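Peer 1:
Numbering (this note's numbering), first residue to last: 16 to 309.
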């Protein structure tokens, strides 16, 4: 069946329809990125009254900074754990809801609610639950013989922000996985069952390949979320501490730029962070997308 083409009455109409999105992209993405790139080439005083051109000196300083290299390692560990946990739980919940059929209405609503919570609010919720003094989860862990104090233990603090960030993203993953599962032809699953394939075999050889495009899309979105959109959670939960245990790259940009007033250095960090995310996305499209069948 030939696809129906949409024709516009005038040549200028398509450009007018694209104009709002192009304007938003230029104002909120391209312009700030350009300003950060220019600022990264200068050394500025703390009050922004003067600057001097230093070229790539700000970038060279990052490679010699142990705190920055530590933040890079923490960021990759944090992003990997958040992505794996959020996507794994999202797929598990979607499969459970799909198995319930029409009876999963309330289940879907409850799972979508966390996505409406602001990142800072989500961080505060998890902070109260795991507070060493009054948190109900912290008390339950102590009762079970597992002392919890994320204000002193860096590993526990990193675990806390990973759980909070993943919880915030599970709802988004659930929606897309659920839509993908509902689109799978039931005839294929029934035919596989008649051939003797068990539930695990049907899921592995039929369901997973058919939702591969959705999985790839969510992989890109979740990695971007973990690197860029988790500042509010970390700021409200641990403030990057204890020490530098939960200071990821996006939070270090804030610390050095707004607290340390190193405007040139923080701009260089933002440029490096952008390059890292773009490189990861390009690698995914180059090597992972080839294995995806649309």
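Ideal Cβ placement from N, Cα and C applies to all residues, glycine included.
Given the structure is predicted, the values throughout are model-derived calculations rather than measurements.
Hey, residue 94 and residue 242 are a contact pair by Cβ (cut 8 Å); roughly how many whole angstroms apart?
Peer 2: Their Cβ separation, rounded to whole angstroms, is 6 Å, which keeps residue 94 and residue 242 in contact under 8 Å.
Peer 1: Measuring CB atoms only, is the stretch 245-252 touching the stretch 260-270, in the sense that at least three cross pairs come out at less than 8 Å?
Peer 2: Judged by Cβ distances under 8 Å, the stretch 245-252 makes contact with the stretch 260-270, as three or more pairs qualify.
Peer 1: Would you decide whether residue 219 is buried or exposed? Buried here means 16 or more other CB atoms lie within 10 Å of its CB.
Peer 2: Label assigned to residue 219: exposed.
Peer 1: Measuring straight from C-alpha to C-alpha, what distance separates residue 291 and residue 237?
Peer 2: Taking the straight line joining both Cα atoms gives about 14 Å.
Peer 1: Among 159, 158, 152, which has the Cα closest to the Cα of residue 165?
Peer 2: Among 159, 158, 152, the Cα nearest to that of residue 165 belongs to 152.
Peer 1: Quick one: is residue 108 buried, meaning 16 or more other Cβ sit within 10 Å of its Cβ, or exposed?
Peer 2: Flag for residue 108 reads buried.
Peer 1: Pick out the complete beta strand (DSSP E) segments inside the stretch 59-133, 3 residues or longer, and give them in chain order.
Peer 2: Counting only runs of 3 or more, we get 66-68.
Peer 1: Taking the CB atoms as reference points, tell me whether residue 261 and residue 172 lie closer together than 9 Å.
Peer 2: Going by C-beta atoms, residue 261 is nearer than 9 Å to residue 172.
Peer 1: Measure the alpha-carbon distance for residue 274 versus residue 284 and round it to whole angstroms.
Peer 2: For residue 274 and residue 284, the distance between alpha carbons rounds to 15 Å.
Peer 1: Counting Cβ pairs closer than 8 Å, one from the stretch 133-141 and one from the stretch 184-199, do we hit at least three?
Peer 2: Because the criterion of three Cβ pairs below 8 Å is not met, the stretch 133-141 and the stretch 184-199 do not touch.
Peer 1: Could you give the first and the last residue of the continuous alpha helix (DSSP H) run that contains residue 183?
Peer 2: Note, residue 183: alpha helix (DSSP H), 169-197.
Peer 1: Roughly how many whole angstroms lie between the Cα atoms of residue 28 and residue 35?
Peer 2: Their backbone Cα atoms lie some 13 Å apart in a straight line.
Peer 1: Using only alpha-carbon positions, find the residue among 214, 127, 76, 194 that is nearest to residue 182.
Peer 2: Cα-wise, what sits closest to residue 182 is 127.
Peer 1: Residue 57 bridges to which residues according to DSSP?
Peer 2: According to DSSP, which records beta bridges pairwise, residue 57 is partnered with 68.
Peer 1: Tell me which residues share the same chain as residue 147 and place their Cβ nearer than 8 Å to its Cβ, disregarding the 5 neighbours each side in the sequence.
Peer 2: Same-chain partners within the cutoff: 153, 163, 164, 165, 166.
Peer 1: Can you grab the Cα-Cα spacing for the pair residue 205 / residue 140, in whole Å?
Peer 2: Straight-line Cα distance between these residues: approximately 43 Å.
Peer 1: Excluding sequence positions up to five away, which residues of its chain have a Cβ less than 8 Å from the Cβ of residue 232?
Peer 2: The answer, listed in chain order, is 191.
Peer 1: Tell me the rounded alpha-carbon separation between residue 66 and residue 161.
Peer 2: C-alpha separation (whole angstroms): 52 Å.
Peer 1: Skipping 5 residues on each side, what residues in its chain have a beta carbon closer than 7 Å to that of residue 82?
Peer 2: Same-chain partners within the cutoff: 259.
Peer 1: Scan the stretch 231-280 and note each continuous beta strand (DSSP E) run of 3 residues or more that stays entirely inside, going in chain order.
Peer 2: Runs found: none.
Peer 1: Could you name the residues of the same chain whose beta carbon sits closer than 6 Å to that of residue 211, not counting the 5 residues immediately before and after it, in chain order?
Peer 2: Nothing listed; no residue qualifies.
Peer 1: Could you pull out every residue in the same chain whose Cβ sits closer than 7 Å to the Cβ of residue 87, ignoring the five residues on either side in sequence?
Peer 2: For residue 87, where only same-chain residues beyond five positions count, the Cβ hits under 7 Å are 264.
Peer 1: Helix or strand or just coil, what does DSSP make of residue 138?
Peer 2: In the structure shown, residue 138 sits in a helix (DSSP, three-state: H, G or I).
Peer 1: Check the C-beta distance from residue 198 over to residue 221 and give it rounded, since I have them as a contact under 8 Å.
Peer 2: Actually they are not in contact, since the Cβ atoms of residue 198 and residue 221 sit about 13 Å apart, beyond 8 Å.
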